[in-house]
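Reading through the structure tokens given below for one structure.
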Amino acid sequence: MARTQFFEEGVRPSGLVGEAVIQSWMRCARSHADTRRAVSFDAVTPSRLHATLARNRELLEAARGELVGMESSLAGTDCRVLLTDAQGVIVHVTHHPAAAQQPILHRTARLGVNIAESVVGTTAPGIVASTGQACTVDGAEHYFECLRAMQCAAAPIRDVHGRLAGVLDLSVESRRFGFDAASMVALYATTIENRLLLAQSRDRLVLRFQASPTLLGTPLEALAGIAEDGTVAWLNAAGARLIGGLPDAGPCGVEMLFGLDLAGLLRLGRREGAQPVRLASGLGVWLQARAQALDGIDFRHAVSLSMTTPAAGAATPAAADAEPPAAAEGPLPEPGDGTLQGRSRKLIEEALAAHHGNISHAARQLRVSRGTLYRRLKRWREEDLPPRQ
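Each residue of the sequence shown is one higher than the last, beginning at 326 in the working numbering.
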């Protein structure tokens, strides 16, 4: 009925299909006059596919584990999992044993095929790529009639800049899903997005927070990335809902949203587990602050809370690179006690504090490699642990 009203009578079928589908039909009608024509699902050129896979390596790495889990859950169904880049080119697809009995998916679900709205008309991944909003497209809601046997649900994956990084899609042919596909694809897309945000923020302070500590570490956790200057660089969707979003007028200081300045968050990061915090809005949450190095070493123990700047000329390569002597029995020397170990630790802690915990910038100031700092920080953490009884 909606197709008759829209394509034959020129009437907007409000209430019969979703607004996202109507808007997609309108966009497609401007470039595809004949809804009955066959659609060719051609892969992009090998060179473009190679460039696309290389450009989306970080997305694919973040999605790898979740795609395996998703495909394992769907192994007893005829559903196919598709991951596209922001332009609609398929960069991952489930290899299904029943592919020969799925003529449309057999031609569509192939690496390198472009399923953007401008190419194959109205589909769930096409709408998501065009609008950035999750959606489901059911049967005859597809623009081209040759796709009316398809059911698909898709959700967006965004990067630290808030841009669309990819689209996760779940499709089935000639049958209904039999479960809530929209909720499932949204859950996995959120998990992949969170992993991507963390992967793109290895040198930043990352905040995990939620109203209940049991939600931390789940797809429902709120995440925030804090830049070196103490501004909030990004929020994931759950974080934006809890905080109320970032203001439109320029960078926002972390204290304005979280009620704690950068030094307070660094101090919080030295504690194990989540801590109760009251946001600037008055909302009480459980918050965990972590500054994670590129190789996964946690250097919370080495972040000095004194925000002093090291004296000019104090950080020499010899002092920072020299190996400390073997630890003697008894307490470790305090920073600045005149020993080589104490001076080296003091220089490194001051450099980290001056650069808000950023390993790369501290290493550049000290003129040493990041690996040298990682090894020092890891050793000091082991030495600071209390002896086992």
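Every residue gets a Cβ at the ideal spot worked out from N, C-alpha and C, and that includes glycine.
All values derive from a computational prediction rather than experimental measurement.
Which of helix, strand or coil DSSP assigns to residue i
| i | result |
| --- | --- |
| residue 427 | coil |
| residue 631 | Confidence in residue 631 is poor, its pLDDT being 37 and thus under 50, which makes the residue's placement unreliable; the coordinate value appears in the next sentence. Coil. |
| residue 417 | strand |
| residue 535 | strand |
| residue 547 | strand |
| residue 578 | strand |
| residue 349 | helix |
| residue 409 | strand |
| residue 379 | helix |
| residue 472 | helix |
| residue 558 | strand |
| residue 356 | coil |
| residue 339 | strand |
| residue 374 | helix |
| residue 436 | coil |
| residue 571 | coil |
| residue 541 | coil |
6 Å Cβ shell around residue i - same chain, five flanking residues per side excluded
| i | result |
| --- | --- |
| residue 538 | 599 and 611 |
| residue 452 | 345, 349 and 460 |
| residue 365 | none |
Span of the beta strand (DSSP E) around residue i
| i | result |
| --- | --- |
| residue 332 | Unbroken run through residue 332: none, as it is neither H nor E. |
| residue 475 | 475 to 483 |
| residue 721 | The question about residue 721 has no answer here: the residues shown for the chain are numbered 326 through 714. |
| residue 601 | 600 to 603 |
| residue 460 | 460 to 463 |
| residue 491 | 489 to 498 |
| residue 456 | From DSSP, residue 456 is part of no beta strand (DSSP E) but of the alpha helix (DSSP H) over 449 to 456. |
| residue 552 | No beta strand (DSSP E) holds residue 552; DSSP gives it neither H nor E. |
Limits of the unbroken alpha helix (DSSP H) element including residue i
| i | result |
| --- | --- |
| residue 592 | 587 to 594 |
| residue 516 | 506 to 524 |
| residue 384 | 382 to 398 |
| residue 368 | It is not in any alpha helix (DSSP H) - residue 368 carries neither H nor E in the DSSP assignment. |
| residue 691 | 684 to 691 |
| residue 694 | First-last for residue 694: undefined, no H or E at that position. |
| residue 444 | 442 to 445 |
Nearest-angstrom Cα separation, counted from residue j out to residue i
| i | j | result |
| --- | --- | --- |
| residue 395 | residue 407 | 11 Å |
| residue 551 | residue 352 | 39 Å |
| residue 516 | residue 476 | 23 Å |
| residue 569 | residue 483 | 18 Å |
| residue 378 | residue 603 | 43 Å |
| residue 501 | residue 474 | 9 Å |
| residue 479 | residue 606 | 33 Å |
| residue 375 | residue 672 | 45 Å |
| residue 702 | residue 670 | 9 Å |
| residue 326 | residue 512 | 33 Å |
| residue 549 | residue 413 | 28 Å |
| residue 520 | residue 544 | 10 Å |
Any non-hydrogen atom of the ligand FMN closer than 7 Å to residue i Cβ
| i | result |
| --- | --- |
| residue 611 | With respect to the ligand FMN, the structure offers nothing, as it holds no ligand at all. |
Assumed close pair residue i, residue j - CB separation to whole angstroms, cut-off 8 Å
| i | j | result |
| --- | --- | --- |
| residue 506 | residue 495 | 5 Å |
| residue 532 | residue 614 | 5 Å |
| residue 503 | residue 681 | Residue 503 to residue 681, Cβ: 50 Å. No contact. |
| residue 585 | residue 593 | 7 Å |
| residue 392 | residue 417 | 6 Å |
| residue 400 | residue 454 | About 27 Å; that fails the 8 Å criterion. |
Close Cβ partners of residue i (< 8 Å) along its chain, the five nearest in sequence each way excluded
| i | result |
| --- | --- |
| residue 330 | 336, 337, 338 and 341 |
| residue 524 | 383, 386 and 387 |
| residue 536 | 567, 608, 609, 610 and 611 |
Residues of its chain near residue i, where Cβ-Cβ distance is below 7 Å and the 5 sequence neighbours each way are ignored
| i | result |
| --- | --- |
| residue 499 | 474 |
| residue 514 | 480, 481, 482 and 493 |
| residue 370 | none |
| residue 576 | 556 |
| residue 571 | 557, 560 and 577 |
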